[in-house]
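Engineer: 277 is the number of the first residue of the sequence shown in this note's numbering; add one for each residue after it. So that we are looking at the same thing, I have put the structure below in structure tokens.
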Amino acid sequence: MARMGYSEEHEAFRHTVRSFLDREHEPYLRQYEAKGGLDRDFWKKAGAAGLLGLAHTGEGDFTYYAIMAEELGRTAGSATTGSSLMADVATYILIGHGTQGQKDRYLPGVLSGEWTQAMPLTEPGVGSDATAIAATAKRDGDDYVINGEKYFISNGAGANLLYVVAKTDPAKGGRGMSVIIVESDTPGVAQSKIPMIGWRQGDTGALNFDNVRVPVTNLVGVEGGAMKILMDTFLEDRIQIAARCLGAASKALELTLDYVKQRKVFDQRVIDFQNSQFMLADCRADIRITETMVDTAMIRLRNKEFTFEDGAILKLWATQMEGRVLDRCVQLFGGAGLMDENPIARMWTAARIQRIYAGTDELQKVAIARGMLA
277 MARMGYSEEH
287 EAFRHTVRSF
297 LDREHEPYLR
307 QYEAKGGLDR
317 DFWKKAGAAG
327 LLGLAHTGEG
337 DFTYYAIMAE
347 ELGRTAGSAT
357 TGSSLMADVA
367 TYILIGHGTQ
377 GQKDRYLPGV
387 LSGEWTQAMP
397 LTEPGVGSDA
407 TAIAATAKRD
417 GDDYVINGEK
427 YFISNGAGAN
437 LLYVVAKTDP
447 AKGGRGMSVI
457 IVESDTPGVA
467 QSKIPMIGWR
477 QGDTGALNFD
487 NVRVPVTNLV
497 GVEGGAMKIL
507 MDTFLEDRIQ
517 IAARCLGAAS
527 KALELTLDYV
537 KQRKVFDQRV
547 IDFQNSQFML
557 ADCRADIRIT
567 ETMVDTAMIR
577 LRNKEFTFED
587 GAILKLWATQ
597 MEGRVLDRCV
607 QLFGGAGLMD
617 ENPIARMWTA
627 ARIQRIYAGT
637 DELQKVAIAR
647 GMLA
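Written out as structure tokens, the structure is:
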């Protein structure tokens with residue numbers, strides 16, 4: 277069944293991304309896991325292949341970005357590699373809100389992979405309620421002086437270009453939050469890795485800012501403008517997360533079908549049991565529904581019809597769908613589904629974070645309920 281909204285150019289791009297990942301990612305998976313992140317050469321190769329800044333450069337066709345997210349979901353690293361490369365959504369912050377001077381300095385390196393990006397927002401005691409952050413950026417002459425801690429930051433340990441969210445006016449709460457560019461080698465910046473279950477190649481970091489001094493020209497947008505900037509990335513982020521979940525579930529079903537057609541129990545193939553067929557049918561139905569939701573979301577986004585409630589529904593459904601499909605697939609693999617060398621096992625453990633980060637399931641339900649009660 278043909279997918280909606282894809283041109284021949286889109287499908288050619290899908291082939292390019294899949295070939296790139298097959299060549300530059302899958303053979304080095306264990307190396308990236310041991311290191312706890314993607315290496316600099318990978319980023320440079322991704323830049324040379326034209327895979328960085330997709331959503332907000334050239335024609336700005338978000339479909340290319342979503343295709344890359346879906347293909348990343350199919351990798352054995354699944355959510356982990358995806359969250360690292362998809363931190364590229366920060367490119368929108370630079371292009372959509374940065375000054376010409378900021379673009380001139382950083383954009384060429386961002387697109388080539390020389391600059392890798394992270395957006396330190398979450399803090400040790402602050403997750404879903406972003407307005408509760410404690411990090412501050414105090415004006416001192418022509419500089420901001422930044423102090424605070426950030427935690428659970430995608431790309432946080434290795435990124436060299438940081439879009440730090442801090443309060444320039446704490447008395448105003450969320451309206452006093454600003455985005456300020458900090459280069460990671462600035463004195464006072466400390467980065468470290470946070471080991472995560474299932475995210476062995478995911479560069480999840482903790483950052484500390486101790487009297488970090490940067491020029492006021494590093495302010496992105498206006499003082500107090502962080503919430504608008506964050507909301508501007510909200511819709512695209514929801515779609516790319518859903519696309520990654522779709523890619524992971526689709527790949528998991530393919531691997532499981534291959535396995536159950538070969539594996540025999542009580543002198544018959546696992547796929548010949550009706551219970552197995554029912555589980556696989558549930559997986560296929562979940563995936564087909566999600567394909568339609570993702571494709572429709574991209575069309576609606578293109579037409580400026582995709583709403584915040586739509587984004588909440590999509591993330592809630594897609595992340596839960598991925599969990600259901602991966603759990604069924606592990607069950608059909610049996611003990612082999614929990615072997616470390618099995619891609620299914622790595623995809624299963626990596627998938628769990630999808631229902632927590634970038635807005636928990638519960639936060640999505642709050643947004644959906646507000647839409648109904650409005």
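The beta carbon of each residue, even a glycine, is placed where N, CA and C say it ideally should be.
Have a look at D513, L437, T532 and G611 and flag the residue whose alpha-carbon is nearest the alpha-carbon of K591.
Structural biologist: Closest by alpha carbon: D513.
Engineer: Starting from the Cα of T493, find the closest Cα among W391, V601 and D419 and give me that residue.
Structural biologist: Closest by alpha carbon: D419.
Engineer: Residue range of the beta strand (DSSP E) that T412 falls in?
Structural biologist: It spans T412 to D416 - the beta strand (DSSP E) in which T412 sits, taken as one unbroken run.
Engineer: Roughly how far, in whole angstroms, is the beta-carbon of D508 from the beta-carbon of N431, given that I think they are within contact range, below 8 Å?
Structural biologist: Actually they do not touch by this definition, with Cβ atoms about 19 Å apart.
Engineer: Quick one: give me the first and last residue of the beta strand (DSSP E) that D317 is part of.
Structural biologist: Premise fails: D317 lies in the alpha helix (DSSP H), R316 to A324, not in any beta strand (DSSP E).
Engineer: Comparing C-alpha positions only, which one of I429, S468 and G501 sits nearest to K443?
Structural biologist: Checking every option, the nearest Cα to that of K443 belongs to G501.
Engineer: Does the CB of G611 have a neighbour CB from chain C at under 8 Å?
Structural biologist: The structure shown contains no chain C; it is built from a single protein chain.
Engineer: Hey, A433 and G389: beta-carbon distance below 8 Å or not?
Structural biologist: Not in contact: A433 and G389 (Cβ atoms no closer than 8 Å).
Engineer: Out of curiosity, what's the CA-to-CA distance linking A355 and M344?
Structural biologist: Its pLDDT being 48, under 50, A355 is placed unreliably in this model, and the coordinates cannot settle the point.
Engineer: Determine the contact status of A594 and L506, defining contact as a CB-CB distance below 8 Å.
Structural biologist: Not in contact: A594 and L506 (Cβ atoms no closer than 8 Å).
Engineer: Give me the Cα-Cα distance between V496 and Q538, rounded to the nearest whole angstrom.
Structural biologist: Using only the alpha carbons, I get a separation of about 56 Å.
Engineer: Restricting to Cα atoms, I'd like to know which of R299, L483, E585 and F609 is closest to D534.
Structural biologist: Closest by alpha carbon: F609.
Engineer: So I470 packs on F428, CB below 8 Å; how close in whole Å?
Structural biologist: Indeed, because the Cβ distance is near 7 Å, the residues count as touching under 8 Å.
Engineer: Tell me whether R476 sits in a helix, a strand or coil according to DSSP, three-state version.
Structural biologist: If DSSP states are grouped into helix, strand and coil, R476 belongs with coil.
Engineer: Determine the contact status of F338 and N423, defining contact as a CB-CB distance below 8 Å.
Structural biologist: Contact: no.
Engineer: Give the secondary structure of V488 by DSSP, where H, G and I count as helix, E and B as strand, and everything else as coil.
Structural biologist: Note: V488 maps to strand in three-state DSSP.
Engineer: Is the segment 627-641 close to the segment 306-324, with three or more CB pairs under 8 Å?
Structural biologist: No, they do not touch.
Engineer: Residues in the same chain with beta-carbon distance under 7 Å from P491, minus the five sequence neighbours each way, listed in chain order, please.
Structural biologist: These residues qualify, in order along the chain: D418 and D419.
Engineer: Restricting to Cα atoms, I'd like to know which of T412, K311, P396 and R604 is closest to D558.
Structural biologist: Ranking T412, K311, P396 and R604 by Cα distance to D558 puts R604 first.
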